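Number of protein chains: 2
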Amino acid sequence: MAYELYYWPGIQGRGEFVRLALEQAGADYIDVARSEGPGLGITALMQGLSARNVTHPSFAPPYLRDGDLVVGQTAAILLYLGPKLDLAPEGEADRLWAHQIQLTLADLVVEAHNTHHPVGVGLYYEDQKPEAARAAEQFRAERIPKFFRWLESLLEHGADGAPWMVAGRLSYVDLSAFQVVAGLRYAFPHATEAALNKAPRLAALAAQVAALPRIRDYLNSERRIAFNTEGIFRQYPELDSPA
Amino acid sequence: MAYELYYWPGIQGRGEFVRLALEQAGADYIDVARSEGPGLGITALMQGLSARNVTHPSFAPPYLRDGDLVVGQTAAILLYLGPKLDLAPEGEADRLWAHQIQLTLADLVVEAHNTHHPVGVGLYYEDQKPEAARAAEQFRAERIPKFFRWLESLLEHGADGAPWMVAGRLSYVDLSAFQVVAGLRYAFPHATEAALNKAPRLAALAAQVAALPRIRDYLNSERRIAFNTEGIFRQYPELDSPA
Numbered sequence: 263m264a265y266e267l268y269y270w271p272g273i274q275g276r277g278e279f280v281r282l283a284l285e286q287a288g289a290d291y292i293d294v295a296r297s298e299g300p301g302l303g304i305t306a307l308m309q310g311l312s313a314r315n316v317t318h319p320s321f322a323p324p325y326l327r328d329g330d331l332v333v334g335q336t337a338a339i340l341l342y343l344g345p346k347l348d349l350a351p352e353g354e355a356d357r358l359w360a361h362q363i364q365l366t367l368a369d370l371v372v373e374a375h376n377t378h379h380p381v382g383v384g385l386y387y388e389d390q391k392p393e394a395a396r397a398a399e400q401f402r403a404e405r406i407p408k409f410f411r412w413l414e415s416l417l418e419h420g421a422d423g424a425p426w427m428v429a430g431r432l433s434y435v436d437l438s439a440f441q442v443v444a445g446l447r448y449a450f451p452h453a454t455e456a457a458l459n460k461a462p463r464l465a466a467l468a469a470q471v472a473a474l475p476r477i478r479d480y481l482n483s484e485r486r487i488a489f490n491t492e493g494i495f496r497q498y499p500e501l502d503s504p505a
Numbered sequence: 263m264a265y266e267l268y269y270w271p272g273i274q275g276r277g278e279f280v281r282l283a284l285e286q287a288g289a290d291y292i293d294v295a296r297s298e299g300p301g302l303g304i305t306a307l308m309q310g311l312s313a314r315n316v317t318h319p320s321f322a323p324p325y326l327r328d329g330d331l332v333v334g335q336t337a338a339i340l341l342y343l344g345p346k347l348d349l350a351p352e353g354e355a356d357r358l359w360a361h362q363i364q365l366t367l368a369d370l371v372v373e374a375h376n377t378h379h380p381v382g383v384g385l386y387y388e389d390q391k392p393e394a395a396r397a398a399e400q401f402r403a404e405r406i407p408k409f410f411r412w413l414e415s416l417l418e419h420g421a422d423g424a425p426w427m428v429a430g431r432l433s434y435v436d437l438s439a440f441q442v443v444a445g446l447r448y449a450f451p452h453a454t455e456a457a458l459n460k461a462p463r464l465a466a467l468a469a470q471v472a473a474l475p476r477i478r479d480y481l482n483s484e485r486r487i488a489f490n491t492e493g494i495f496r497q498y499p500e501l502d503s504p505a
């Protein structure tokens, strides 16, 4: 039975971390809210968010249905899917470590989103531009470099020379690291290139993921939604600055 | 062998979610950074954060050592500890569900922290007070009620009348829900009471957790650090407002 991915149509957002894993695995999946027909579309997405309709309603998309099992929260979805898609390491300790890195990438994603919504998600960017300018300045100067230093240190010390984040093999963590780098390059091109210059292993990892045949095909397909200013990573030139 | 919890001394912070589980289980643990002696104290905490010293360095505290295994990220620590402490449900689906709720509580914690640090963690609150005032207003008006509605709906529809969040039994999720309610009551007393008035099951759950004998003893002990304005939940009266 096909996996069913429920996420907002029109943006990559957090759903993209799940999509990349499904695509790299060549898994059969339905992108429910982007599909038309009975039980599909945005209505189906919204119905799955209410405790009146489902046993385990997510607070927010994305969530995934696999037969009777429904799971939300991006990192939890990947914790569940990773082994099934052969995109997780073997053994509890390494799986927990992969999950820990994924949760840290999720923290970075929250901070990236915060740069254009520091006051709150209930207001438009246009209603919080002065606050966003200050938040983005901090994010560019302090946070991107700090997260990249950590990721680079894992690649330098942890993987016995392998180009992957966990246990010397490709996992969903690598796909997510690629996505974070891609998103930051879109949103903060100057700051991100400057930080990547000091994190060559991370830059190489991102390039290797982009060159995986299935990922390359996916990125060139219509299934890959273009980055835009509705998603997590937004290109507002005033929030980036020349390095 | 005793569990070793590594977290900043002086604040409850994210470490508290782990402490509550260890305390409720009556587990043998060392609060490393709050202890003195060889291999203890803040130096030990800092050493465990570098890839030069350990195989799986956390990006930030808390992290837990259990023999050879080291795990960071609060929700991942509880995912690991829950079954060992008999504070997790049985079965993969319910354990994943408990983890999903925990990750959503973690999202709420991030947003609570953001109210006093909307511009960035690298600046003091005093350097971002206007931004914080706007962020707190949004958080009080929109986010606390939304998260509480979700938690209340789980208690209403999910648990067959049981007062606990998952599978009709006490789990680490209940302890964390209590902690979030306690922290929000400290930081935003007016807004939180108003939201709890509309979430009676959540209020009852928090009261039941506080009345568990081991939790009650812990809360009355010196091991429980008082809430203060260095932690995640901070009482700045200007960020709360009469309901």
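Those protein sequence lines, which keep their order, are chains A and B. The opening residue of the first sequence carries number 263 in the working numbering; numbering runs sequentially from there. The opening residue of the second sequence carries number 263 in the working numbering; numbering runs sequentially from there. For each residue, glycine too, the CB sits at the ideal point set by N, CA and C. Keep in mind it's a predicted model, so treat the numbers as computed, not measured.
Buried or exposed by the 16-neighbour rule on C-beta atoms within 10 Å, applied to residue i
i: glutamate 354 of chain B; result: exposed
i: proline 300 of chain A; result: exposed
i: serine 312 of chain B; result: exposed
i: methionine 427 of chain B; result: buried
i: threonine 491 of chain B; result: exposed
i: alanine 444 of chain B; result: buried
i: alanine 397 of chain A; result: buried
i: alanine 469 of chain B; result: exposed
i: asparagine 376 of chain A; result: buried
i: arginine 281 of chain B; result: buried
i: aspartate 479 of chain B; result: exposed
i: arginine 531 of chain B; result: Any property of residue 531 of chain B remains undetermined from this structure, which presents chain B solely from 263 to 505.
i: aspartate 389 of chain A; result: exposed
Close beta carbons around residue i, own chain, < 6 Å, minus the five adjacent residues each side
i: histidine 378 of chain B; result: Tyr387, Ala394 and Arg496
i: alanine 505 of chain A; result: Low confidence applies to alanine 505 of chain A: its pLDDT is 45, below 50, so where it sits in the model is not reliable, and the reading given next is rough at best. For alanine 505 of chain A, where only same-chain residues beyond five positions count, the Cβ hits under 6 Å are His452 and Ala456.
i: glycine 275 of chain A; result: Gly493 and Ile494
i: leucine 413 of chain A; result: Leu464
i: leucine 291 of chain B; result: In the sequence under discussion, the amino acid at residue 291 of chain B is tyrosine, which differs from the leucine named in the question. Same-chain partners within the cutoff: Ala264, Tyr265, Leu267 and Leu284.
i: glycine 334 of chain B; result: Ser320 and Tyr325
i: tyrosine 342 of chain A; result: Val333
Residue i vs residue j beta-carbon contact at 8 Å
i: arginine 476 of chain A; j: glycine 288 of chain A; result: yes
i: leucine 267 of chain B; j: leucine 326 of chain B; result: yes
i: glutamine 286 of chain B; j: leucine 437 of chain B; result: yes
i: phenylalanine 409 of chain B; j: threonine 336 of chain B; result: no
i: valine 381 of chain A; j: proline 380 of chain B; result: yes
i: alanine 429 of chain A; j: proline 351 of chain A; result: yes
i: valine 371 of chain A; j: valine 442 of chain A; result: yes
i: leucine 349 of chain A; j: leucine 432 of chain A; result: yes
i: leucine 358 of chain A; j: alanine 338 of chain B; result: yes
i: arginine 402 of chain A; j: phenylalanine 440 of chain A; result: no
i: threonine 317 of chain B; j: glycine 420 of chain A; result: yes
Option nearest residue i by Cα separation, candidates the options
i: methionine 308 of chain B; options: B:Glu298, B:Tyr269, B:Ala337 and B:Ile273; result: B:Tyr269
i: leucine 417 of chain B; options: B:Ile406, B:Glu404, B:Val435 and B:Phe401; result: B:Val435
i: proline 407 of chain A; options: A:Tyr291, A:Ala295 and A:Glu373; result: A:Glu373
i: alanine 295 of chain B; options: B:Gln400, B:Gly277 and B:Ala439; result: B:Gly277
i: serine 320 of chain B; options: A:Leu501, A:Ala429 and A:Leu365; result: A:Leu365
i: proline 506 of chain B; options: B:Asp330, B:Gly272 and B:Glu500; result: Any question about residue 506 of chain B goes unanswered here, given that chain B covers just 263 to 505.
i: aspartate 356 of chain B; options: A:Leu367, A:Asp356 and A:Asp330; result: A:Asp330
i: aspartate 502 of chain A; options: A:Gln400, A:Asp293 and A:Glu298; result: A:Gln400
i: aspartate 328 of chain A; options: A:Asp293, A:Glu298 and A:Asn482; result: A:Asp293
Cutoff 7 Å; reference residue i; Cβ partners in own chain excluding five residues on either side
i: asparagine 315 of chain A; result: Gln309
i: tyrosine 448 of chain A; result: Phe489, Phe495 and Gln497
i: proline 323 of chain B; result: Tyr268, Tyr269, Trp270, Gly277 and Leu307
i: leucine 474 of chain B; result: Gln286
i: histidine 361 of chain B; result: Ala337 and Leu341
i: alanine 368 of chain A; result: Thr336 and Ala337
i: arginine 486 of chain A; result: Tyr480
Chain-ordered neighbours of residue i on chain D, where CB pairs are closer than 8 Å
i: alanine 338 of chain A; result: Judged by its chain identifiers, the structure shown contains no chain D, and its protein chains are A and B.
8 Å Cβ shell around residue i - same chain, five flanking residues per side excluded
i: arginine 411 of chain B; result: Lys460 and Ala461
i: threonine 305 of chain B; result: none
i: isoleucine 273 of chain A; result: Ile487, Asn490, Glu492, Gly493 and Ile494
**OP:** Compile a chain-ordered list of the residues in the stretch 292 to 315 of chain A whose CB is closer than 8 Å to at least one CB of chain B.
**Re:** Ser312, Ala313 and Arg314
Original post:
Of the residues that make up the stretch 352 to 383 of chain A, which ones have a beta carbon closer than 7 Å to any beta carbon in chain B?
Top reply: Ala355, Leu358, Trp359, His361, Gln362, Leu365, Thr366, Val372, Asn376, Pro380, Val381 and Gly382
Original post:
Using a Cβ cut-off of 8 Å, which residues of the stretch 414 to 436 of chain A contact any Cβ in chain B, in chain order?
Top reply: Ser415, Leu416, Glu418, His419 and Gly420
Original post:
Between the stretch 392 to 408 of chain A and chain B, which residues of the former have a C-beta closer than 9 Å to a C-beta of the latter?
Top reply: Pro392, Glu393, Arg396, Ala397, Glu399, Gln400, Phe401, Ala403, Glu404, Arg405 and Lys408
**OP:** With 8 Å as the C-beta to C-beta threshold (strictly closer), list the residues of the stretch 441 to 472 of chain A near chain B in chain order.
**Re:** none
Original post:
In chain order, what residues of the stretch 483 to 503 of chain B put their CB closer than 9 Å to some CB of chain A?
Top reply: none
Subject >> Members of the stretch 278 to 293 of chain B near chain A, C-beta cut-off 9 Å >> reply: none
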